[in-house]
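Residue numbers (numbering that gives the first Met the number 0): 0 to 551.
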Amino acid sequence: MKFNIMIGLLLTGSTLTAFAQKNKKPDTRPNIILIMVDDMGYSDIGSYGSEIRTPNLDKLAQEGIRFREFYNNSICAPTRASLITGQYPHKAGIGYFDVNLGLPAYQGYLNKESLTFAEVLKNSGYSTLMSGKWHVGGDSTAWPNQRGFDHFYGFIKGASNYFDIGEYGQAPPVELVKDNKKINLKSGLYLTNEITNNALEFLDEQNKTEKPFFLYVAYNAPHWPLQALPEDIAKYKGRYSIGWDSLRIERIKKQKALGISDPNQAIAKRDPEVPLWDNLTYSEKQLWEKKMEVYAAMVDRVDQNIGRLREKLKELKKDENTLIVFISDNGAQGGYSASNRRKPPRNTGPIGTAGSYDYQEQSWAYVSNTPHTNYKNNMHEGGISAPFIAWYPKQIKGGSIVKGTGHLIDLAPTFYELANTPYPVKLNGITTNSLPGKSLVPVLTGRSETVDRGEPIFWERAGNRAVRKGKWKIVSTYPAYKWELYDLEKDRGENNDLSAVNTEIVNELSADYFKWAVKTGVVDYEKIKPANPNGAPAQAPARAAARRANLE
0 MKFNIMIGLL LTGSTLTAFA QKNKKPDTRP NIILIMVDDM GYSDIGSYGS
50 EIRTPNLDKL AQEGIRFREF YNNSICAPTR ASLITGQYPH KAGIGYFDVN
100 LGLPAYQGYL NKESLTFAEV LKNSGYSTLM SGKWHVGGDS TAWPNQRGFD
150 HFYGFIKGAS NYFDIGEYGQ APPVELVKDN KKINLKSGLY LTNEITNNAL
200 EFLDEQNKTE KPFFLYVAYN APHWPLQALP EDIAKYKGRY SIGWDSLRIE
250 RIKKQKALGI SDPNQAIAKR DPEVPLWDNL TYSEKQLWEK KMEVYAAMVD
300 RVDQNIGRLR EKLKELKKDE NTLIVFISDN GAQGGYSASN RRKPPRNTGP
350 IGTAGSYDYQ EQSWAYVSNT PHTNYKNNMH EGGISAPFIA WYPKQIKGGS
400 IVKGTGHLID LAPTFYELAN TPYPVKLNGI TTNSLPGKSL VPVLTGRSET
450 VDRGEPIFWE RAGNRAVRKG KWKIVSTYPA YKWELYDLEK DRGENNDLSA
500 VNTEIVNELS ADYFKWAVKT GVVDYEKIKP ANPNGAPAQA PARAAARRAN
550 LE
């Protein structure tokens, strides 16, 4: 009798379990794909004014939304710290770079109090996937799989070659990691393609589950070294013979026609450090043309791979319920002459091959950052302005261009709102840092054209500082600590410094900055800066690597 009752209970339990599984409501929350490129300027894709062929990104822009004003943190690691955690970089532990300068805000890897979006979304039932560049902590305890990602393929540090062996000699192995296992890029492969190949593999595997997914694809292109596939370089043969002066005018005209640039706004004046194209010799022009041909090819190849991602979504029948966001980690890189660039022994092959170690340099970066002034690692608009495209058929009206004024810190709360995921006050016994950003959902869905943030946006890195509040922006460049003031509604080119005639505004924004600095853990750069060219900090033990922080 007892045996029969027990069998009955077991059968009843299994029946109930099967019933519950059969009647379980599917998780209809959106999938999210975040795509970041590296060192690409504001105007380097077609929908932001470029001649570079980016049909897949342009289609996302036509069917989605673009921001005129979206900000990053001017350089790789601090940008990624904000992106991945939703925190200002100092609060996340990467106030300078992935270099330990001996203070919590400058420890060089993500702290536990700053949750990654992988940790938050995984805790909420998402599959969390990443392929590409990490650059927010080199120690294995801080790698992606240890910070919430179910799967990771890519490289941990700040830069990588794209080929490991080339026709013109042998490059060192491209060191990669896949789910905590160290591997090398196989001969004959191109890293941009492999980043996508692994992302597609992860999506196929994830499709066996009933979970929504979060996929972060962090391409290293078009970051130096300039290395591209010959068939992509060939597309741009002769395109850049017009030189940077004429090309910049081309891009400005296209930006105005597209509506990305306001015709009533002042654009940046010509960079006096860039030589006139017509003053170059024939040989100099040939060299410069080749650099931009390869750079364009690298961006082109990224766009081709974004097309592959979209095709996979269609194949999996997940394209209608997926948000795609595209951004760049900082402006194009200027400010360093070729003679100051590290040149390893392998720098013997032609530009674009595995044997080359060239980069775009300031003269072309000046075009890439059109219509803004200055470059990567600077807090003027050219250093911190990124293209921003968001595509989500269910909620975003196609073809919209908005002012926006978003920042990296706004993406985490945006994703969490769309994923119906509360940000935890505590996780695994650790009290978390609260999120300073604002959700972009009202802007993305057309309910607003600006972000209702209620407080300014702040920047500091290596002594370079800025505050954006409404139309006003103050900015200073190390070692000078004098604030400049610009009215960005009229002068996004930052030509007319109004600090002398608006001292009350400067004082107000400066006071805001120093309150934020105290709250966020920012330290006077003079107290922590590297004491010698090899990177040893002035007052704290650290790896001898800080010098490269200005190069990567």
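From the three backbone atoms N, C-alpha and C, an ideal C-beta is built for every residue, glycine too.
Model, not experiment: these values are computed from the prediction.
- Taking C-beta separations shorter than 7 Å and ignoring five residues to either side along the sequence, the partners of residue 481 in its chain run 475, following chain order.
- The residue from 38, 69, 24 and 176 with its alpha-carbon nearest to that of residue 294 is 38.
- In the three-state reduction of the DSSP assignment, residue 68 falls in the strand class.
- Residue 440 and residue 401 have their C-alpha atoms roughly 13 Å apart.
- By the neighbour-count criterion, in which 16 or more other beta carbons inside 10 Å mark a residue as buried, residue 246 falls on the buried side.
- Counting only the Cα atoms, residue 413 lies some 19 Å from residue 148.
- If you check the CB distance, residue 61 and residue 398 come in under 8 Å.
- With the rule of 3 Cβ pairs closer than 8 Å, the region 246-265 counts as touching the region 477-493.
- The criterion of a C-beta distance shorter than 8 Å is not satisfied by residue 41 and residue 428.
- Looking at 105, 289 and 129, the one whose alpha-carbon comes closest to that of residue 115 is 129.
- Apart from the 5 residues on each side of it in sequence, residue 451 sits with its Cβ closer than 8 Å to the Cβ of 437 and 441 in its chain, given in chain order.
- For residue 404, the enclosing beta strand (DSSP E) has its first and last residue at 399-406.
- The alpha-carbon of residue 301 is positioned some 24 Å away from that of residue 206.
- In the structure shown, the three-state DSSP call for residue 503 is helix.
- DSSP, read as helix, strand or coil, puts residue 362 in helix.
- For residue 160 and residue 179, the gap between their C-alpha atoms comes out near 20 Å.
- Within 10 angstroms of the beta-carbon of residue 108 lie 16 or more other beta-carbons, which makes it buried.
- The beta strand (DSSP E) runs of length 3 or more contained entirely in the region 158-224 are, from start to end of the chain, 174-177, 180-183 and 212-217.
- The straight-line gap separating the alpha-carbon atoms of residue 198 and residue 64 is approximately 24 Å.
- Residue 123 places its beta carbon 8 Å or farther from that of residue 86.
- Boundaries of the beta strand (DSSP E) around residue 130: 126-132.
- Relative to the Cα of residue 69, the nearest Cα in the group 403, 470 and 419 belongs to 403.
- Each of 445, 460 and 288 was checked against the Cα of residue 349, and the nearest Cα belongs to 288.
- Apart from sequence neighbours up to five positions away, the residues of its chain that approach residue 462 with a beta-carbon distance below 6 Å are 477 and 524, ordered along the chain.
- For residue 152, no alpha helix (DSSP H) run applies; the uninterrupted beta strand (DSSP E) run containing it begins and ends at 150-154, by DSSP.
- In this structure residue 228 does not touch residue 117 by the C-beta definition: roughly 31 Å separates them, more than the 8 Å allowed.
- Inter-residue distance for residue 373 and residue 380 is about 7 Å (C-alpha atoms, whole angstroms).
- The closest CA to that of residue 303, considering only 515, 81 and 191, is found on 191.
- At the C-beta level, residue 268 and residue 495 stay beyond 8 Å of one another.
- The beta carbon of residue 407 is closer than 6 Å to those of 71, 81 and 82 in its chain, skipping five residues each way along the sequence.
- Judged by DSSP in its simplified three-state form, residue 517 adopts helix.
- Here residue 513 is exposed. Its C-beta has fewer than 16 other C-beta atoms within 10 Å.
- In this structure, the straight-line span from the alpha carbon of residue 388 to that of residue 152 is close to 24 Å.
- Each of 411, 447, 324 and 422 was checked against the Cα of residue 386, and the nearest Cα belongs to 324.
- Annotated three-state conformation of residue 389 is strand, per DSSP.
- Here residue 505 is near residue 473, since their CB atoms are less than 8 Å apart.
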